[in-house]
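Asker:
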Amino acid sequence: MDLGAITKYSALHAKPNGLILQYGTAGFRTKAEHLDHVMFRMGLLAVLRSKQTKSTIGVMVTASHNPEEDNGVKLVDPLGEMLAPSWEEHATCLANAEEQDMQRVLIDISEKEAVNLQQDAFVVIGRDTRPSSEKLSQSVIDGVTVLGGQFHDYGLLTTPQLHYMVYCRNTGGRYGKATIEGYYQKLSKAFVELTKQASCSGDEYRSLKVDCANGIGALKLREMEHYFSQGLSVQLFNDGSKGKLNHLCGADFVKSHQKPPQGMEIKSNERCCSFDGDADRIVYYYHDADGHFHLIDGDKIATLISSFLKELLVEIGESLNIGVVQTAYANGSSTRYLEEVMKVPVYCTKTGVKHLHHKAQEFDIGVYFEANGHGTALFSTAVEMKIKQSAEQLEDKKRKAAKMLENIIDLFNQAAGDAISDMLVIEAILALKGLTVQQWDALYTDLPNRQLKVQVADRRVISTTNAERQAVTPPGLQEAINDLVKKYKLSRAFVRPSGTEDVVRVYAEADSQESADHLAHEVSLAVFQLAGGIGERPQLGF
1 MDLGAITKYS ALHAKPNGLI LQYGTAGFRT KAEHLDHVMF RMGLLAVLRS
51 KQTKSTIGVM VTASHNPEED NGVKLVDPLG EMLAPSWEEH ATCLANAEEQ
101 DMQRVLIDIS EKEAVNLQQD AFVVIGRDTR PSSEKLSQSV IDGVTVLGGQ
151 FHDYGLLTTP QLHYMVYCRN TGGRYGKATI EGYYQKLSKA FVELTKQASC
201 SGDEYRSLKV DCANGIGALK LREMEHYFSQ GLSVQLFNDG SKGKLNHLCG
251 ADFVKSHQKP PQGMEIKSNE RCCSFDGDAD RIVYYYHDAD GHFHLIDGDK
301 IATLISSFLK ELLVEIGESL NIGVVQTAYA NGSSTRYLEE VMKVPVYCTK
351 TGVKHLHHKA QEFDIGVYFE ANGHGTALFS TAVEMKIKQS AEQLEDKKRK
401 AAKMLENIID LFNQAAGDAI SDMLVIEAIL ALKGLTVQQW DALYTDLPNR
451 QLKVQVADRR VISTTNAERQ AVTPPGLQEA INDLVKKYKL SRAFVRPSGT
501 EDVVRVYAEA DSQESADHLA HEVSLAVFQL AGGIGERPQL GF
């Protein structure tokens, strides 16, 4: 390790005084002008991680659904998964080190993780379309090269595409070809094969309006659409030609405001979807004949996908264990439908993609989606082998189902939640089942719910258990919540500390919107009284 060169280069990417950042689930995110030093240092860290794992590591420059003036960076581990927790701590430590402590921190990480500094390192880099991304990815490259790492700069990619590239490179091409054409061809071939099996005539199911959040998704979908155009026609909106990234558009906007994005005219019962800024989330929606807006979020996407997979397994006669992984925020109706109607087991984890992904890996087939539309399905290697054999050996009807399942496996980006991949899976399933968007929506009716925030002096006062569904501290809070929940039908409520600010998040659902609102308000008051609320007492009124 040439410490002199590192010190010299580091001075060109100087850290602003007093800036402290935390590496979270989404990596680092803040205003773009504060990130130059972080990018350089994440280039250094990626090299150390690559040497330690003897694998290719990814670095993605994006701030996902944040405003255009923000940016961020996250590292991608060898199988396309998120950075290991112990390395998240190293990332935070390195990003916040003062210039004079940089050398010591790098040596500490190398010693603690037993990094062989003579080992070769290879890093792949991708970036989104933000004005600041190109310059910031150059800072990453500076960090990689000063530590002697090799790199490949993919330039503009969606976040899931970078995860895919890392996964392909570390599995010797078995998962797919680590090029953008390789990605397009793998997904499109599986999609076209699947939709050939659809029996519905005409093209009423075959066109889709896509809001691309003025982000990278538009660019990549445009490059890709001719690969799958015989199976689906997509009409792109908010394609980046005029609007600002994520401004009044994108999956996050649609989900939180419960209305369509700006710049998209919707006729009744037209199928529409929105990606977020880096295309790793997707939500669907439509207007009914009365002009009412209907959102189809991650819960309903998981339900459609897991129900279809279960049907195929029954058809083939395979008794593989399939599980759906949700968080406490999943609507109670979705959980009930999956468990009672589809007989698919549901498991709950803490909030955060890494928890869901980790749990989903425990099953032969694990489907996970957060309500915000981030998710995918994972298939164990044994399942992939088994299905391939079945597709070759079974008699006609069963072979057809096995072939479908084989294509579905190829269509999912198993390295990460991927809006493009998920969109193609959903479109294929709707076509194969002959479902309209309204019929999909009608699988179950969401229970009315309400989410609130309560300001507190210190969010650490609240601790939880049972996948964040029960409060352990402060004393008396969970008992108070239990008593309040008893007052309402089909109700539940939970509270959890925010991961980023001194607020406590409150979730309540019940049989009517009025009941959900009242329950959420009463729980907020209990939090305010028992957990050190500050400012005004929560008021009822939404």
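Letter 47 of the sequence shown, counting from 1, is numbered 47 in UniProt numbering, and no numbers are missing. Using N, Cα and C, we set each Cβ at its ideal position, and we do this for glycine too. Just so it is clear, the structure is predicted and the values come from calculations on it, not from any experiment.
I need the DSSP call for Ile20, collapsed to helix, strand or coil.
Answerer: On the sequence shown, residue 20 is found 20 positions in, with the first residue counted as 1. In the structure shown, Ile20 sits in coil (DSSP, three-state: anything other than H, G, I, E or B).
Asker: My output table needs one value for Tyr184: the three-state DSSP class, helix, strand or coil.
Answerer: Taking the first residue of the sequence shown as position 1, residue 184 is located at position 184. In the structure shown, Tyr184 sits in a helix (DSSP, three-state: H, G or I).
Asker: Out of Ile409, Asp252, Tyr368 and Gln451, which one is the CA nearest neighbour of Lys386?
Answerer: In the sequence shown, residue 386 corresponds to position 386, counting from 1. Here the closest residue by C-alpha is Ile409.
Asker: Taking its Cβ as the centre, do 16 or more other Cβ atoms sit within 10 Å of Asn372, making it buried, or is it exposed?
Answerer: Working through the sequence shown from its first residue, we reach residue 372 at position 372. Buried is the call here.
Asker: Around the C-beta of Ser515, are 16 or more other C-beta atoms found within 10 angstroms, so that it is buried, or is it exposed?
Answerer: Indexing the sequence shown from 1 puts residue 515 at position 515. Around the beta carbon of Ser515, a 10 Å sphere encloses 16 or more other beta carbons of the protein chains shown; the residue is thus reported as buried.
Asker: So, with DSSP's three-state summary, where would you put Gln150?
Answerer: If you number the sequence shown from 1, residue 150 lands on position 150. Note: Gln150 maps to strand in three-state DSSP.
Asker: Can you look up Asp299 in the DSSP assignment and give me helix, strand or coil?
Answerer: The residue labelled residue 299 in the question sits at position 299 within the sequence shown. DSSP places Asp299 in helix when its eight states are reduced to three.
Asker: To test your reading of the DSSP string, which unbroken beta strand (DSSP E) runs of 3 or more residues are found completely within the UniProt domain "Phosphoacetylglucosamine mutase AMG1" (178-283)?
Answerer: 207-211, 233-237 and 272-275
Asker: Would you kindly work out how many angstroms separate the C-alpha atoms of Tyr9 and Met42, rounded to a whole number?
Answerer: One-based indexing of the sequence shown puts residue 9 at position 9. One-based indexing of the sequence shown puts residue 42 at position 42. Looking at the two C-alpha atoms, the distance is approximately 13 Å.
Asker: Measure the alpha-carbon distance for Thr179 versus Met165 and round it to whole angstroms.
Answerer: The residue you call residue 179 lines up with position 179 of the sequence shown. The residue you call residue 165 lines up with position 165 of the sequence shown. The alpha-carbon atoms of Thr179 and Met165 are separated by roughly 7 Å.
Asker: Just curious, the beta strand (DSSP E) that Tyr507 is in, first and last residue?
Answerer: Here residue 507 refers to the residue found at position 507 when the sequence shown is read from its first residue. Run containing Tyr507: Val503 to Glu509, per the beta strand (DSSP E) assignment.
Asker: What separation, rounded to the nearest whole angstrom, lies between the Cα atoms of Gly202 and Gly231?
Answerer: Here residue 202 corresponds to residue number 202 of the sequence shown, with the count starting at 1. Here residue 231 corresponds to residue number 231 of the sequence shown, with the count starting at 1. Note that Gly202 scores 47 on pLDDT, short of 50, meaning its location in the model is unreliable and no value can be drawn from it.
Asker: List the DSSP bridge partners of Ile322.
Answerer: Residue numbering aside, residue 322 sits at position 322 when the sequence shown is read from its first letter. For Ile322, which the question treats as bridged, DSSP gives the partners Ile365.
Asker: Would you check if the region 342-350 and the region 67-79 touch, i.e. whether three or more CB-CB distances between them fall below 8 Å?
Answerer: no
Asker: When you compare only the Cα positions, how much space is there between Tyr284 and Leu320?
Answerer: The sequence position of residue 284 within the sequence shown is 284, counting from 1. The sequence position of residue 320 within the sequence shown is 320, counting from 1. Taking the Cα positions, Tyr284 is about 29 Å away from Leu320.
Asker: Whole angstroms is fine: what's the gap from Thr129's alpha carbon to Val454's?
Answerer: Mapped onto the sequence shown, residue 129 falls at position 129. Mapped onto the sequence shown, residue 454 falls at position 454. So the two alpha carbons sit approximately 35 Å from each other.
Asker: Can Lys237 and Cys273 be called in contact, C-beta distance under 8 Å?
Answerer: Here residue 237 refers to the residue found at position 237 when the sequence shown is read from its first residue. Here residue 273 refers to the residue found at position 273 when the sequence shown is read from its first residue. Here residue 237 turns out to be Phe, not Lys, going by the sequence shown. The Cβ atoms of Phe237 and Cys273 lie no closer than 8 Å to each other.
Asker: Does the region 490-510 come close enough to the region 430-444 to have 3 or more Cβ pairs within less than 8 Å?
Answerer: Two segments are said to touch when three or more pairs of C-beta atoms, one from each, lie closer than 8 Å; by this definition the region 490-510 does not touch the region 430-444.
Asker: Could you check whether Glu468 and Ala328 sit closer than 8 Å to each other, using their CB atoms as the reference points?
Answerer: Indexing the sequence shown from 1 puts residue 328 at position 328. Indexing the sequence shown from 1 puts residue 468 at position 468. Yes, Cβ-Cβ distance for Ala328 and Glu468 is below 8 Å.
Asker: With 16 as the cutoff for other CB atoms within 10 Å, does Gly298 come out buried or exposed?
Answerer: Sequence index remark: in the sequence shown, residue 298 carries index 298 (1-based). Under the 10 Å beta carbon count, Gly298 is surrounded by 16 or more other beta carbons and is classified as buried.
Asker: Would you mind giving the Cβ-Cβ distance between Ala14 and Glu98, rounded to the nearest angstrom? I have them listed as a contact below 8 Å.
Answerer: The residue given as residue 14 occupies position 14 in the sequence shown. The residue given as residue 98 occupies position 98 in the sequence shown. Their Cβ separation, rounded to whole angstroms, is 10 Å, which puts Ala14 and Glu98 out of contact at 8 Å.
Asker: Nearest-angstrom Cα distance between Gly533 and Ala457?
Answerer: For the purposes of this step, residue 533 is taken as residue 533 along the sequence shown, with counting starting at 1. For the purposes of this step, residue 457 is taken as residue 457 along the sequence shown, with counting starting at 1. Whole-angstrom Cα-Cα distance: 6 Å.
Asker: Report, in whole angstroms, the separation of the C-beta atoms of Ser421 and Val367, which I expect to be a contact under 8 Å.
Answerer: Locating residue 421 in the sequence shown gives position 421, counting from the first residue. Locating residue 367 in the sequence shown gives position 367, counting from the first residue. At roughly 13 Å, the Cβ-Cβ gap does not stay under 8 Å, so Ser421 and Val367 are not in contact.
Asker: Could you check which residue in Leu208, His247, Asp239 and Gly317 has the C-alpha nearest to that of residue 543?
Answerer: With the chain running from 1 to 542 in the structure shown, residue 543 is simply not present.
Asker: Who pairs with His287 in a beta bridge, going by DSSP?
Answerer: Against the sequence shown, residue 287 aligns to sequence position 287. The partner list for His287 (beta bridge, DSSP) reads Ser268 and Phe293.
Asker: Between which two residues does the alpha helix (DSSP H) carrying Val485 extend?
Answerer: Translated into the one-based positions of the sequence shown, residue 485 becomes position 485. It spans Leu477 to Val485 - the alpha helix (DSSP H) in which Val485 sits, taken as one unbroken run.
Asker: If you compare alpha carbons, which of Leu162, Gly277, Leu452 and Val472 is closest to Met82?
Answerer: On the sequence shown, position 82 is the one that residue 82 refers to. The residue with the shortest Cα to Cα distance from Met82 is Leu162.
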